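Undergrad: Sharing a structure with you now.
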Amino acid sequence: MHQGTTPPQKMTSSATIKRSEIRSNIRAARRNISPQQQACFGQQACAHMLTKLEELKVKRLALYLTNDGELDTQPLIKALWQNDIEVYLPRLHPFSQGNLLFLAYRSNTSLVQNSLKIWEPKLDITQMILPHQLDVIVTPLVAFDEAGNRMGMGGGFYDRTLMNWERMGSPLPIGYAHDCQQVNRLPCEHWDIPLPMIITPTKTWKF
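Numbering of the sequence shown is given in the numbering used here, commencing with residue 36 and proceeding in unit increments.
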């Protein structure tokens, strides 16, 4: 399921349409979650994540700032700071298109909006960490299925970041999503990186 033979430039139009429809439907569903539900779901997922991070003895972790109805990471960020876990945020690489850098995130970190209208740390190489030096990357996603397949926004940023995580032994990618983002089966391509674990407000999925 995680392997394919169709290169990106030769993806069939029907597969493209199906992926586009899934993205559109799931993004609409999570945007319809009320602020009260978002707050509740964020706290529930945070509790599950903290339990798992304690088991893994995590010291350095990267995650994302919530955007477009994604599962709220603010409760988790505050809990990580309180537990003295180093927090890092992704930012678009200024020279290598399609790739990410990870920079330290603290309460006084200056943020700027990137070209995708997502907040990210200002570029400061003294605050940068290499992906394999992270213990965990909490990975955003649009949709996932029961086999751990992940669909992102289509830019491939996290697929490129995580392509060697198993060979390197780190960082462990953990998906973070609303329960409504689960689908029965995703159409996958060979560049899609499956996740070994996904945490939702009601469940910890292991694959």
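Every residue, glycine too, gets a C-beta built ideally from N, C-alpha and C.
A quick note: this is a predicted structure, and the numbers were derived from the prediction, not measured.
Going by alpha carbons, who is nearest to D227 out of L135, R65, P156 and R185?
TA: Position 192 of the sequence shown, counted from the first residue, corresponds to residue 227. The shortest C-alpha separation from D227 is found at R185.
Undergrad: In angstroms, rounded to a whole number, what distance separates the CA positions of L135 and L91?
TA: For this step, residue 135 is matched to residue 100 along the sequence shown. For this step, residue 91 is matched to residue 56 along the sequence shown. Taking the CA atoms as reference points, L135 sits about 24 Å from L91.
Undergrad: In or out: M198 buried (at least 16 other Cβ within 10 Å) or exposed?
TA: In the sequence shown, counting from the first residue as 1, residue 198 sits at position 163. Note on M198: under 16 other CB atoms within 10 angstroms of its CB, so exposed under the neighbour-count rule.
Undergrad: Identify, in the order they occur along the chain, each residue of the same chain with its Cβ nearer than 6 Å to the Cβ of R220, setting aside the five sequence neighbours on each side.
TA: Your numbering for residue 220 matches position 185 in the sequence shown. The residues are D180.
Undergrad: Can you give me the Cβ contacts of T235 inside the same chain, cut-off strictly under 6 Å, excluding the 5 residues immediately before and after it?
TA: Here the question's residue 235 lines up with position 200 in the sequence shown. Within the same chain, T235 has close Cβ partners A212 and D214.
Undergrad: Give every residue of the same chain whose Cβ lies closer than 7 Å to the Cβ of K53, excluding the five residues on either side of it in the sequence, and list them in chain order.
TA: On the sequence shown, position 18 is the one that residue 53 refers to. Once the five neighbours on either side are set aside, the close Cβ partners of K53 are P222.
Undergrad: Are D107 and A82 close, meaning C-beta to C-beta below 8 Å?
TA: The residue labelled residue 107 in the question sits at position 72 within the sequence shown. The residue labelled residue 82 in the question sits at position 47 within the sequence shown. Not a contact, by the Cβ cut-off of 8 Å.
Undergrad: Is C223 helix, strand or coil by DSSP?
TA: Taking the first residue of the sequence shown as position 1, residue 223 is located at position 188. Looking at C223 - three-state DSSP - the assignment turns out to be coil, as it is neither helix nor strand.
Undergrad: Quick one: is R202 buried, meaning 16 or more other Cβ sit within 10 Å of its Cβ, or exposed?
TA: Along the sequence shown, one-based indexing puts residue 202 at 167. R202 should be labelled exposed.
Undergrad: According to DSSP, simplified to helix, strand and coil, what is Q78?
TA: Position 43 of the sequence shown, counted from the first residue, corresponds to residue 78. The answer is helix: DSSP assigns Q78 an H, G or I state.
Undergrad: Measuring only the C-alpha atoms, how far is V177 from T161?
TA: Translated into positions along the sequence shown, residue 177 becomes position 142. Translated into positions along the sequence shown, residue 161 becomes position 126. Spanning the two alpha carbons is a distance of roughly 32 Å.
Undergrad: What is the C-beta distance between G204 and I233, in whole angstroms, given that I count them as a contact (C-beta under 8 Å)?
TA: Locating residue 204 in the sequence shown gives position 169, counting from the first residue. Locating residue 233 in the sequence shown gives position 198, counting from the first residue. Between I233 and G204 the Cβ distance is about 20 Å, and since that is not below 8 Å, they are no contact.
Undergrad: How about P208 and I172: do their beta carbons lie closer than 8 Å?
TA: On the sequence shown, residue 208 is found 173 positions in, with the first residue counted as 1. On the sequence shown, residue 172 is found 137 positions in, with the first residue counted as 1. Cβ distance < 8 Å, so P208 and I172 count as in contact.
Undergrad: Could you tell me which whole alpha helix (DSSP H) segments of length 4 or greater appear in the stretch 55-116?
TA: Counting only runs of 4 or more, we get 70-91.
Undergrad: With burial defined as no fewer than 16 other Cβ atoms inside 10 Å of the residue's Cβ, what is the status of Q216: buried or exposed?
TA: As a working mapping, residue 216 is identified with position 181 in the sequence shown. Q216 should be labelled buried.
Undergrad: For P125, does the count of other Cβ atoms within 10 angstroms reach 16, so buried, or fall short, so exposed?
TA: Mapped onto the sequence shown, residue 125 falls at position 90. By the neighbour-count rule (16 or more Cβ atoms within 10 Å), P125 is buried.
Undergrad: Tell me whether L169 sits in a helix, a strand or coil according to DSSP, three-state version.
TA: Translated into positions along the sequence shown, residue 169 becomes position 134. Residue state, collapsed to three classes: coil.
Undergrad: Given this structure, state the Cα-to-Cα distance separating T41 from G189, to the nearest angstrom.
TA: Mapped onto the sequence shown, residue 41 falls at position 6. Mapped onto the sequence shown, residue 189 falls at position 154. Its pLDDT being 36, under 50, T41 is placed unreliably by the model, and the measurement read from it follows with that caveat. Their backbone Cα atoms lie some 16 Å apart in a straight line.
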